[in-house]
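The letter at position 39 of the sequence shown is residue 42 when you use our numbering, and the numbering goes up by one with no holes.
Note that CB positions come from ideal geometry on N, CA and C, so glycine has one too.
The structure displayed is predicted, hence computed values, not measured ones.
Everything below concerns the one structure shown next.
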Amino acid sequence: MATGGTITHHHAVGSDHRPWMRAEVGDLGVTLLRTIKATLDPAGILNPGKLIP
Numbered sequence: 004m005a006t007g008g009t010i011t012h013h014h015a016v017g018s019d020h021r022p023w024m025r026a027e028v029g030d031l032g033v034t035l036l037r038t039i040k041a042t043l044d045p046a047g048i049l050n051p052g053k054l055i056p
């Protein structure tokens with residue numbers, strides 16, 4: 004990412020890229036993703052802990 008790369012792939016962002024998610028989308032992006040996830044999955048049963056740090 005320091006040279007302009009990205010963590011995405013043509014299959015989207017996989018769980019192996021999770022450690023770099025915050026660097027890619029920033030704190031606001033992580034907060035937004037968590038909010039969307041909580042809204043769409045209030046019970047937290049869909050892939051818990053897989054992608055969003």
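For the pair Ala-46 and Ala-15, the Cα-to-Cα distance works out to about 24 Å. With a threshold of 16 other beta carbon atoms within 10 Å, Ile-55 meets it and is buried.
Restricting attention to Leu-35, Asp-30 and Gly-17, the CA atom closest to the CA of Asn-50 is found in Gly-17.
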